[in-house]
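Residue numbers for the sequence shown follow this note's numbering, so the first one is 1104 and each next one is one higher. Cβ coordinates follow ideal geometry from the N, Cα and C atoms, glycine included. Notes follow once the structure below has been shown.
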Amino acid sequence: MKRLTILFIIFSSLNLSAQDVIQWRGPDRTGIYKETGLMKSWLTEGPQMLWHYNGLGEGHSSAAIANNKIYITGLVDGNGHLFVFDLSGKLLNKKAYGPEWDTNYNGARGTVTVDNGKLYIYSGTGALVCMDENNLNILWQKHIVNDFQGSNIRWGVNESPLIIGEKVIITPGGEKNNVVALHKNTGDIIWSCAGEGDIPAYCSPLYISTQQIPQIVTITANHILGIEAATGKMLWSFPYNNMRNIHPNTPLYHDNMLLCIFGYGKGSVMLRLTDGGRKVEQVWENKEFDSKTGGAVKVGNYVYGSGDNHKYWFCLDWKTGEQQYKDRSIAVGNVIADADGMLYCYSDKGEMALVKATPEKFELISKFPITLGTEQHWAHPVLYKGVMYVRHGNTLMAYKVK
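Below, the structure is given as structure tokens:
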């Protein structure tokens, strides 16, 4: 009995630790945050702002959270900088990691990935930097052009590195090292996949562990790819693109079904993985549901998100793609959801809205304007321990939502 109790405590601790690491779009890249007891409505002026920090520089990356610290990046004086805060908003550290994108829509892009005492930052200029979490020393770095014969793209590459066991996954693009797995401690190549030879397309990859062949799914300029996680072998490829070859949305996966959403008027496509993950087939396509940067969330049997050319908030049936509603009560933008069944919709006009996750209608409960910060409202909001973190360019804000 004593042994079972000890094992239960260890398992519970490990499970809690896994949930406490917030990376790109939450604990598991789905946009679903495992929060409970959150407010079901806000005051007219919005929830209480606990703190804010002006001085991040330029950028669109979201907050990452681990070990009760907040990590976020920004462009200051020509270089990318990592900022480290405690949960009360105190700046604990700031460290330059190298040049950042300053050609158009300036600033840091990819959200920091935290793993086992290390931080992984993928700059808009194409450098993958590994830093020590404690002292922020740079442990190793690689560059997609110099080291992998890859290529940068129109608005600077944008990925949040994916960690699977000892591997860190990024997409340099190009004909040889299209997608690579590097050893997370050294940066050495473990495997390289030629894919379809496309350039990269801003997509942060997804790991699917429940297929017979565990695999990485990502989107390059003209294809959706399924790659065996252990070996780098390409399992399947599905041709799909849009007018600009830009696909920033990480796919959503559930029970053999894989939803890929494309902006610039292309819409979205649902694929079904078959033969243990070795093949895919198209299930449905929706031409209007074409989120450009906002992603989507699956809540129950429905998927929620916004359009780009089709400027509405949508709800679709996950299995059939049938439209349940489209609404433009607020401008389009980014969407996240929490376990309490509420959507947090952040529009590209700076409106933050609380919406009930129901397929009947776009049930807007509360909204307030984000008035601090600079430039575009593109960073995805983050929920952690009853606090909502919103980055708007130069400013990071923390709101009490529990």
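Pairwise C-alpha distance: arginine 1212 and threonine 1477:
CA-CA distance, threonine 1477 to arginine 1212, rounds to 15 Å.
Hey, could you find the ends of the alpha helix (DSSP H) aspartate 1123 is sitting in?
Its alpha helix (DSSP H) spans residues 1105-1123.
What number of angstroms, rounded off, separates the C-alpha of aspartate 1235 from the C-alpha of valine 1187?
12 Å
Go ahead and label glutamine 1126 buried or exposed: buried means 16 or more other beta carbons lie within 10 angstroms of its beta carbon, across all protein chains shown.
buried
Among Val1248, Asn1437 and Arg1132, which residue has its Cα nearest to the Cα of asparagine 1280?
Taking each of Val1248, Asn1437 and Arg1132 in turn and checking the Cα distance to asparagine 1280, the smallest one comes out for Val1248.
Look at the Cβ atom of isoleucine 1316, then the Cβ atom of glutamate 1331, and state whether they are nearer than 7 Å.
Their beta carbons are under 7 Å apart, which means isoleucine 1316 touches glutamate 1331 by this criterion.
Local Cβ density within 10 Å of lysine 1369, reported as buried at 16 or more and exposed below that
With a 10 Å radius around the Cβ and a threshold of 16 neighbouring Cβ atoms, lysine 1369 comes out buried.
Does the beta-carbon of leucine 1119 have 16 or more other beta-carbons within 10 angstroms, so that it is buried, or is it exposed?
Residue placement at leucine 1119 is flagged as unreliable, the pLDDT there being 38, under the threshold of 50; a coordinate-derived value is accordingly withheld.
Which parts of the stretch 1346-1379 are runs of the alpha helix (DSSP H), unbroken and 4 residues or longer, counting only runs that do not cross its ends?
none
Let me know if lysine 1401 comes out buried or exposed under the rule of 16 or more other beta-carbons within 10 Å of its beta-carbon.
buried
For aspartate 1189, which three-state DSSP category applies?
strand
Inter-residue spacing [alpha-carbon to alpha-carbon] between glycine 1444 and glycine 1162
30 Å
Contacts around leucine 1194, its chain only, beta-carbon distance under 8 Å, and the 5 residues preceding and following it disregarded
Exclusion of the five residues before and after leucine 1194 leaves Tyr1156, Phe1186, Val1187 and Phe1188 as the residues of its chain whose Cβ lies within less than 8 Å of its Cβ.
Identify which residue in Gln1479, Val1485 and Lys1503 has its Cα closest to the Cα of glycine 1160.
Gln1479
Whose CA, out of Ile1241, Tyr1367 and Val1215, lies closest to the CA of asparagine 1344?
Each of Ile1241, Tyr1367 and Val1215 was checked against the Cα of asparagine 1344, and the nearest Cα belongs to Tyr1367.
If you reduce the DSSP assignment to three classes, tell me which class tryptophan 1145 lands in.
coil
Just the Cα atoms here: how many angstroms apart are lysine 1505 and leucine 1486?
Lysine 1505 and leucine 1486 have their C-alpha atoms some 10 Å from each other.
Check whether glycine 1408 and valine 1438 have beta carbons under 7 Å apart
Taking 7 Å as the cut-off, the Cβ atoms of glycine 1408 and valine 1438 count as close.
Helix, strand or coil for glycine 1162? Go by DSSP, reduced to three states.
strand
Around the Cβ of histidine 1286, are there at least 16 other Cβ atoms within 10 angstroms (buried) or fewer (exposed)?
With fewer than 16 neighbouring CB atoms inside 10 Å of its own CB, histidine 1286 falls in the exposed class.
Start-to-end residues for the beta strand (DSSP E) that takes in lysine 1401:
1399-1402
Have a look at isoleucine 1113 and isoleucine 1272 and give me their C-alpha separation to the nearest angstrom.
Here isoleucine 1113 scores only 39 on pLDDT, less than 50, and its place in the model is too uncertain to base an answer on.
Residue of Lys1470, Trp1243, Ser1432 and Leu1419 minimising C-alpha distance to methionine 1142:
When the alpha-carbon of methionine 1142 is set against those of Lys1470, Trp1243, Ser1432 and Leu1419, the nearest one is in Lys1470.
Which of the three DSSP states is assigned to histidine 1495 in this structure?
strand
Helix, strand or coil, according to DSSP, for tyrosine 1502 in the structure here?
Tyrosine 1502: strand per DSSP, three-state reduction.
For alanine 1440, does the three-state DSSP call read helix, strand or coil?
strand
Which complete beta strand (DSSP E) runs does the stretch 1240-1276 hold, if anything under 3 residues is left out?
1241-1246, 1265-1267 and 1270-1273
Between the alpha carbons of serine 1312 and valine 1283, how many angstroms are there, rounded?
18 Å
Measure the C-alpha to C-alpha separation of serine 1254 and asparagine 1196 and round it to an integer number of angstroms.
32 Å
For methionine 1500, count neighbouring Cβ atoms within 10 angstroms of its own Cβ and tell me buried if that reaches 16, exposed if not.
buried
From the DSSP output, in three-state form, read off asparagine 1157 for me.
strand
Does any residue of chain D bring its CB to less than 7 Å from the CB of isoleucine 1293?
Looking for chain D here will not work: only one protein chain is present.
Report the option in Trp1421, Phe1417 and Lys1452 whose CA atom is closest to the CA atom of phenylalanine 1465.
Phe1417
With 16 other CB atoms within 10 Å as the buried threshold, where does glutamate 1138 fall?
buried
Determine whether the beta carbon atoms of threonine 1176 and serine 1164 lie at a separation below 7 Å.
It is a contact, given that the beta carbons lie within the stated cut-off.
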